[in-house]
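Visitor:
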């Protein structure tokens, strides 16, 4: 137990030292390929035990002049040497081609996808680790593989991708080979939305909202589906007719003639500090998008809208995420 804890602490300290070393280097644009200058290899615990056994066998064979045992020992030493080259070759030539990161809110998990490619040789049991997340890299017939990971998004603003560790112990687990990618990729982290559903800042004590609920919404037309649209607004019958012509989904657009535009102003938003106000504005933007209301966002001298839809929502969330960040 003591040796296991000591080994974990040693490996953790070693990985931190390697990441600090990488942080002093410039981020590399993609694609990036591992080569012999960027791959490290060491024997595993099983490999160290294997080497000890081989030393005993070969040393005993020499001492007692036993040719059969000596042949047996050198055979397994040769297997270990071949295994070392196979483990190194399993990473040599591996390329990180593309990284895709989705935006999320602070406090959530940031999901990312990494696409790898090889120089044509098959690869086996390659593990990808990014921060505390990782998984096995599986290659398709076209020598390309995709791994998905999730890392913590701690604060709003731009978040860069931490170093990505690639490792393997294939084929026999005698050696551990690893390398690092540090791509120039980042994702925009939106502010953490306030919990609950606070009332929207309606003009006239919400009279416009009550009037809208009383008289209903008017059908305005059809438009192409955009990621983030509610499935309830999809015009399935019209989409089926268009799909026969090779088109995409259609979404019903509604007019709210009696609903006034909402105004979300940072100066008048409730909250004790700027972060609380940004959290309230983020929740209002999400609620207005869900209700399909038109709204305007005012951040000091910057004004967005009035408008509605997923594109306007993303613009507002992006402005909230970068507010006050140089």
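Residue numbers (the numbering used here): 3 to 328.
Ideal Cβ positions, reconstructed from N, Cα and C, are used throughout, including at glycine.
Keep in mind it's a predicted model, so treat the numbers as computed, not measured.
So, under 8 Å CB-CB, residue 185 and residue 34 are touching, yes? Tell me the CB distance rounded to an integer number of Å.
Guide: Correct: roughly 7 Å between the Cβ atoms.
Visitor: What are the start and end residues of the alpha helix (DSSP H) that includes residue 85?
Guide: Segment 69-91, the alpha helix (DSSP H) holding residue 85.
Visitor: When you compare the segment 69-83 with the segment 125-145, are there three or more beta-carbon pairs, one atom per stretch, that lie closer than 8 Å?
Guide: Touching, no, given that fewer than three Cβ pairs across the two stretches are closer than 8 Å.
Visitor: Hey, quick one: how far does the beta strand (DSSP E) through residue 51 stretch, first residue to last?
Guide: It is not in any beta strand (DSSP E) - residue 51 instead sits in the alpha helix (DSSP H) that spans 47-66.
Visitor: What residue range does the alpha helix (DSSP H) around residue 36 cover?
Guide: No alpha helix (DSSP H) holds residue 36; DSSP gives it neither H nor E.
Visitor: In three-state DSSP terms, what is residue 98?
Guide: Residue state, collapsed to three classes: strand.
Visitor: Identify which residue in 116, 202, 72, 93 has its Cα closest to the Cα of residue 147.
Guide: Checking every option, the nearest Cα to that of residue 147 belongs to 116.
Visitor: Whole angstroms are fine: how far does the CA of residue 118 sit from the CA of residue 81?
Guide: C-alpha separation (whole angstroms): 29 Å.
Visitor: Tell me, which residues are paired with residue 103 by DSSP?
Guide: The partner list for residue 103 (beta bridge, DSSP) reads 114.
Visitor: Could you tell me whether any Cβ in chain C is nearer than 8 Å to the Cβ of residue 35?
Guide: In the structure shown, chain C does not exist; there is a single protein chain.
Visitor: Where do the N-terminal and C-terminal ends of the alpha helix (DSSP H) with residue 283 fall, by residue?
Guide: Its alpha helix (DSSP H) spans residues 276-292.
Visitor: Output needed for residue 180: all residues of its chain with C-beta closer than 7 Å, excluding positions within five of it in sequence on either side, in chain order.
Guide: Closer than 7 Å at the Cβ level, and outside the excluded window around residue 180, lie 42, 167, 168, 169.
Visitor: What residues match up with residue 185 in a beta bridge as DSSP calls it?
Guide: In DSSP, residue 185 forms a bridge with 30.
Visitor: How do the segment 260-279 and the segment 232-242 stand: do at least 3 beta-carbon pairs fall below 8 Å, yes or no?
Guide: These segments do not touch.
Visitor: For the segment 121-129 against the segment 286-294, do three or more pairs of beta-carbon atoms, one drawn from each stretch, fall closer than 8 Å, so that the two count as touching?
Guide: The segment 121-129 vs the segment 286-294: no contact.
Visitor: What's the call for residue 49, buried or exposed, on a 16-neighbour Cβ count within 10 Å?
Guide: Buried, because 16 or more other Cβ atoms sit within 10 Å of the Cβ of residue 49.
Visitor: With a threshold of 16 other CB atoms inside 10 Å of the CB of residue 310, please say whether the residue is buried or exposed.
Guide: Its Cβ being crowded by 16 or more others within 10 Å, residue 310 is buried.
Visitor: Evaluate residue 314 with the Cβ neighbour count: other Cβ atoms within 10 Å of its Cβ, from every protein chain shown; 16 or more gives buried, anything less gives exposed.
Guide: The residue in question, residue 314, is buried, as its Cβ has 16 or more Cβ neighbours within 10 Å.
Visitor: Alpha carbon to alpha carbon, how far is residue 242 from residue 11? Give it in angstroms, no decimals.
Guide: Going by the C-alpha atoms only, they are around 59 Å apart.
Visitor: Between the C-alpha atoms of residue 324 and residue 240, what's the straight-line distance to the nearest angstrom?
Guide: Cα to Cα, the separation comes out at about 40 Å.
Visitor: Quick one: Cα of residue 52 to Cα of residue 176, how far?
Guide: About 8 Å.
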